[in-house]
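Visitor: What follows is a structure written as C-alpha cells; I'll ask about it next.
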Ligand SMILES: C[S@@+](CC[C@H](N)C(=O)[O-])C[C@H]1O[C@@H](n2cnc3c(N)ncnc32)[C@H](O)[C@@H]1O
C-alpha cells in the first residue's frame with residue numbers, strides 16, 4: 092500500500108468531511124453547486140423541443156445526452172477547438188462536429204440555443220468568443236453560459252501558479268478531476284461585471300443570471316476552507332455577485 096493510499100487519502104477525506112459539515116451551517120445560497128444547477132435546472136428551464144443546439148466546448152462531454160436529444164428531437168452540433176475531445180464524445184451524440192476556436196469562429200446564424208459550459212475561462216480572447224457566439228445564434232436565439240469567475244480565489248491562484256505545480260496539486264488531492272480538468276485557464280474577462288459589459292457591447296439582452304458561492308478547491312484542508320468561507324461571506328456583503336465563485340447567464344440575441 093502506498094503512502095498516498097494509506098495516509099494522504101484518508102486525511103484529505105476527513106478534511107473534506109469537516110468542510111461539508113461546516114457548510115451545513117450556511118444558508119442554501121452558499122452551498123448550491125453552480126455546475127450542477129446549470130445542468131439540472133438552468134439549461135432545462137430554457138430548452139425547447141425540435142430546435143438546433145450548439146454545445147460550444149462540449150468536447151467529450153456534451154451537456155445533452157443522446158437519450159434527451161432523441162426524446163426532444165434536437166439537432167446537436169459540437170464545436171470544440173480540440174478534434175481529439177470531439178472524437179471522444181459518446182457515439183451519435185453530435186449530429187455535426189465543428190473543430191474551431193470559439194474566439195475567432197464565424198458562425199452560420201443557425202442555432203436556436205447555444206450551450207457553453209466551463210469553457211470561456213480557457214479562452215484567451217473572451218471578447219472574440221462573445222462576437223462568435225453572436226454569429227452562431229439565429230436572431231432570437233439564446234446562449235446559456237456557465238463559467239467559473241476570474242474573481243474567485245482559486246482562479247487568482249490558478250493565474251499565479253506554474254501549470255505543472257497546479258496540475259500536480261489538483262490531481263494529487265482530487266484524482267477524479269483528471270478526466271475533466273487540466274485545460275489551461277486564462278480567466279480573460281470572466282467576471283459577472285465583464286460579462287454584463289460584453290453582453291451590452293455585443294447587442295445581447297441578459298434574460299437571466301445566477302450566481303453561485305461554492306467550489307470544492309480548498310475543502311481538502313479544512314483551516315484553508317474556513318478562511319476561504321469567511322472571505323466569501325465578507326465578499327458577498329461588500330461586492331455581492333462580484334464575489335461569486337461561478338455564474339450562469341442566459342443571453343438573448345434580439346430578433
Ligand atoms: C473543461 S472542458 C469542458 C467540457 C464540457 N463543456 C463540460 O462541461 O464538461 C473545456 C472544453 O473547452 C474546449 N476549449 C478550450 N478552448 C477552446 C476554444 N478556444 N474554442 C473552443 N473550445 C475550446 C476544450 O477543448 C474542452 O473540450
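Numbering (our numbering), first residue to last: 92 to 346. Glycine is no exception: its CB is placed at the ideal position from the N, C-alpha and C atoms.
1. Kindly indicate the opening and closing residues of the beta strand (DSSP E) around residue 228.
2. Measuring only the C-alpha atoms, how far is residue 48 from residue 246?
3. Which residue's Cα is closest to the Cα of residue 164: 170, 175, 144, 150?
4. Which parts of the region 145-226 are runs of the alpha helix (DSSP H), unbroken and 4 residues or longer, counting only runs that do not cross its ends?
5. Using the DSSP secondary-structure output, state which residues sit across from residue 343 in a beta bridge.
6. Identify the residues that DSSP records as bridge partners of residue 80: which are they?
7. Is the number of C-beta pairs between the region 319-327 and the region 198-212 that are closer than 8 angstroms three or more?
8. Are residue 149 and residue 169 close, meaning C-beta to C-beta below 8 angstroms?
9. What are the boundary residues of the alpha helix (DSSP H) that includes residue 323?
10. Pairing CB atoms from the region 212-231 with CB atoms from the region 181-198, are three or more of them under 8 angstroms?
Guide: Let's see:
1. 228-239
2. The shown model of the chain, from 92 to 346, leaves out residue 48, and the question about it has no answer.
3. 144
4. 157-163, 174-178
5. 233, 296
6. Since the first residue of the chain shown is 92 and the last is 346, residue 80 is not available in this structure.
7. no
8. yes
9. 313-330
10. yes
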